[in-house]
Every structure is written in C-alpha cells, then in structure tokens.
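Input: a single structure, listed below in structure tokens.
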C-alpha cells in the first residue's frame, strides 16, 4: 500500500442509473515496476450488486486488463485519456 501523501486522486466519479453503476477512479501514483506509467485506474460499468462487470478496465495488479463479464484480457495501455474515451464509448454501446 502506498502512503497517502504519494497518491493523488486525478478523477473519481460514481453514477447510478437503471440498476447499473459506473465507477471511475484514476490515481497518480509514484512510478514503479508495478505502475511504470505512474497511474492506477479502475473504470467500471456493471449491474448494481452484480459479480461480473459489463465492462471494466483496470491495472490494479500492475497489468492493464479489460474485463467483460467473466472474461479478462491483457491489453496495451494507450494512455489515460484514450482509455477513458474507449470506456465511455463501450458504456454507450452496452446501454
């Protein structure tokens, strides 16, 4: 766990609608072997109370991943802004 003074919340938002939830959290963290880009993120769209996401992007384990249902795939990291746009486009597709 990183000391809180080394972590900055760049963006955080949660929205609920139609029994669905969107939760976005993007943190600036010290560059490290686990987070070489200096960013930690979770972009989640799913059903309230559901186990599997409809779509989720994260790097919580130090690997950039895309989750859809119970499927997980490793992805290249295109940068935060590009990934956020991709996530928003996918949310619109699934709505």
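In full-length UniProt numbering, the protein residues as written are 1 to 95.
The beta-carbon is built from N, C-alpha and C at its ideal position, and this holds for glycine as well.
_Check this for me: beta carbons of residue 36 and residue 6, under 7 Å apart or not?_
no
*asked:* Can you tell me whether residue 85 is helix, strand or coil according to DSSP?
replied: helix
*Hey, would you say residue 45 sits closer than 7 Å to residue 83, going by beta carbons?*
no
*Go to residue 22, then tell me how far its beta strand (DSSP E) extends in each direction, as first and last residue.*
20-28
*Where does residue 70 fall in DSSP's three states?*
coil
*Below 8 Å CB to CB, which residues in the same chain sit around residue 62 once its five sequence neighbours on both sides are set aside?*
33, 34 and 35
_With the cut-off set at 7 Å, would you say residue 55 and residue 73 are in Cβ contact?_
no
_residue 17: first and last residue of the uninterrupted beta strand (DSSP E) it sits in_ = 8-17
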